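Student: Numbering (my numbering), first residue to last: 53 to 548.
My structure is below; once you've seen it, I'll send some questions.
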């Protein structure tokens, strides 16, 4: 385990096997708090709301004999974009754990050895970005033992460092004081739909990437609660934690045989007859043969790092390959009312919001809005929860130190939103969350609370920690008020 200052360590996480001791840090915000927002202005939360509870209300059309609580949710949808930190998108949103403010302006700064003085966060109207490296070494540099001041230092070994800030290729990606755009932030005027979702539904300011690695390990955690390297692809007990997964690791690519031997959530979903689908961009070829190669659409294709399920051996053991679909299948399932219980939507490169591979933030927000609108315009909205997040921080500044729960993470904060007819209105969830909370909700709603636990899931692997049961992890069920009158859909213009 990496060396960290005492301030980042707190004992208490449950360890399943071996002698590894998992360590966690309690997130600074304690009890949940509510911000009721109107037009972006925070109003004081009521004493009742500040405790995370709400007065009981009984909708006029409620069926006392019908499903209760999370069992009113028949569809869970997870939309996962790329490479943005929480502060980059929501650091100035009222009521969140955001920037330090003075006279209405953020004051957060970090050392900048190129300029010889500090570089501070700055607002930008840019739509495309350079961003920064976002692997484990970069994360450790950025976190800097908890100081959270190494974001520009992390740029130095890369072409994104812009050591010569006067270079022409650097100019579009610099702030007014020559800061690299990892220190930039956006506001309501730049991402109005994301802020509108936060106003009307739930914004999570304690959502951390599951690990301090890059896209692939984040997506592996999304569907399996782990990222590992397996010596024997036929033996789940041969896997060892690995969140780097660089070229010398077993990393699955399109057209290859599966290499991820440990157990993912689709194993349990299959055992309990729970429907699911993983939707990628049209033209993405997940399985060979690809006749004539993929035909890339306007969204771009989805790379294998964001579509890892075909790399899992258990997908073939359960013969569920036909559950890897594309956006047109998602639209068709909504039109026909056949949307599965669990859906993941991952973008093509063109609409991913990844600084190095997308058409820009606006294109990504438009894509997400179109997907949300499809659901909101359908009868399925009444029994659905939609979660929107970003897979890692993308090198962008964030001021909150990630908790350490095991040798794999958590990673830096990312934005998180939840939309549902039962979502609390304008609610800011301060719980400590990560993608493990998504697995926990899936398991609690559809699997009777059964976990991806080697001791109980029927397909033992060598993971040492059951991430869904780590005590620091919050419960997404707290973001709902199932006694309220179901919320009306809020269909937005994708390109406002």
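Note that CB positions come from ideal geometry on N, CA and C, so glycine has one too.
This structure is a prediction, so every number in the text was calculated from the model and none was measured.
Taking residue 426 as the reference, give the member of 365, 543 and 417 with the closest Cα.
Tutor: 543
Student: Return the chain-ordered ranges of every beta strand (DSSP E) run that is complete within the stretch 442-488 and spans a minimum of 3 residues.
Tutor: 468-471 and 479-481
Student: Below 8 Å, how does it come out for the stretch 226-240 and the stretch 270-289: are there three or more Cβ pairs, yes or no?
Tutor: no
Student: Between residue 359 and residue 231, what straight-line distance do the alpha-carbon atoms span, to the nearest angstrom?
Tutor: Spanning the two alpha carbons is a distance of roughly 34 Å.
Student: Does the structure place the stretch 199-207 close enough to the stretch 156-175 that three or more beta carbon pairs sit under 8 Å?
Tutor: yes
Student: Would you kindly check if the distance between the Cβ of residue 129 and the Cβ of residue 436 is under 8 Å?
Tutor: yes
Student: Residue 302 to residue 189, Cα distance in whole Å?
Tutor: 19 Å
Student: Tell me the residue span of the beta strand (DSSP E) that contains residue 281.
Tutor: That run of the beta strand (DSSP E) goes 280-282.
Student: If you pair each beta-carbon of the stretch 361-368 with each one of the stretch 410-423, do three or more pairs fall below 8 Å?
Tutor: Taking a cut-off of 8 Å for Cβ pairs, the stretch 361-368 and the stretch 410-423 do not touch, as fewer than three such pairs fall below it.
Student: Runs of 4 residues minimum, wholly inside the stretch 345-372: which ones carry the alpha helix (DSSP H) assignment?
Tutor: 365-369
Student: I need the DSSP call for residue 411, collapsed to helix, strand or coil.
Tutor: If DSSP states are grouped into helix, strand and coil, residue 411 belongs with coil.
Student: On a CA-only basis, which of 250, 540, 327 and 371 is nearest residue 429? Give me that one, please.
Tutor: 540
Student: So, residue 148 versus residue 448, is the Cβ gap smaller than 8 Å?
Tutor: no
Student: Apply the 10 Å Cβ neighbour rule to residue 76 and answer buried if 16 or more other Cβ atoms are within range, or exposed otherwise.
Tutor: Confidence in residue 76 is poor, its pLDDT being 33 and thus under 50, which makes the residue's placement too unreliable to answer from.
Student: Over what stretch of residues does the beta strand (DSSP E) that includes residue 293 continue unbroken?
Tutor: 291-293
Student: Return yes when the Cβ of residue 352 is within less than 8 Å of the Cβ of residue 400, no when it is not.
Tutor: yes
Student: Quick one: grab the DSSP three-state call for residue 301.
Tutor: coil
Student: In terms of residues, what are the limits of the alpha helix (DSSP H) holding residue 549?
Tutor: With the chain running from 53 to 548 in the structure shown, residue 549 is simply not present.
Student: So residue 509 and residue 502 are supposed to be a Cβ contact under 8 Å. How far apart are they, rounded?
Tutor: In this structure, residue 509 and residue 502 form a Cβ contact; the two beta carbons are roughly 7 Å apart against a cut-off of 8 Å.
Student: Given a cut-off of 8 Å on the beta-carbon distance, is the pair residue 485 and residue 259 in contact?
Tutor: yes
Student: Here's a check: name, in chain order, each residue in its chain whose Cβ is nearer than 8 Å to the Cβ of residue 538, leaving out the five neighbours to either side.
Tutor: Contacts found: 111, 434, 473 and 474.
Student: In angstroms with no decimal places, state the Cα-to-Cα distance between residue 546 and residue 179.
Tutor: 15 Å
Student: By Cβ distance below 7 Å, which residues in the same chain neighbour residue 254 in space, the five residues on each side in sequence not counted?
Tutor: Exclusion of the five residues before and after residue 254 leaves 469, 470, 475, 476, 479, 481 and 531 as the residues of its chain whose Cβ lies within less than 7 Å of its Cβ.
Student: With DSSP collapsed to three states, give me the class of residue 536.
Tutor: coil
Student: Suppose you measure from the CA of residue 497 to the CA of residue 460; what does that come to, to the nearest Å?
Tutor: 26 Å
Student: Nearest to residue 444 by alpha carbon, out of 487, 418 and 432?
Tutor: Among 487, 418 and 432, the Cα nearest to that of residue 444 is on 487.
Student: Alpha carbon to alpha carbon, how far is residue 252 from residue 171? Give it in angstroms, no decimals.
Tutor: 34 Å
Student: Near residue 368, what residues of its chain come up, given a Cβ to Cβ distance below 7 Å and the 5 sequence neighbours on each side ignored?
Tutor: 310
Student: Using beta-carbon positions only, say whether residue 394 and residue 321 come within less than 8 Å of one another.
Tutor: yes
Student: Does the distance from the C-beta atom of residue 295 to that of residue 132 stay below 8 Å?
Tutor: No, they are not a contact pair.
Student: Cα separation between residue 558 and residue 376?
Tutor: Examination of residue 558 is not possible in this model, given that the chain is present from 53 through 548 alone.
Student: What did DSSP end up calling residue 404 once you bin it into helix, strand or coil?
Tutor: coil
Student: Using only CA atoms, which one of 324, 392 and 387 lies nearest to residue 330?
Tutor: 392
Student: CA-CA distance, residue 292 and residue 218?
Tutor: Each residue's alpha carbon lies about 45 Å from the other.
Student: Can you tell me whether residue 170 is helix, strand or coil according to DSSP?
Tutor: strand
Student: Could you tell me the boundaries of the beta strand (DSSP E) in which residue 131 lies?
Tutor: 127-133
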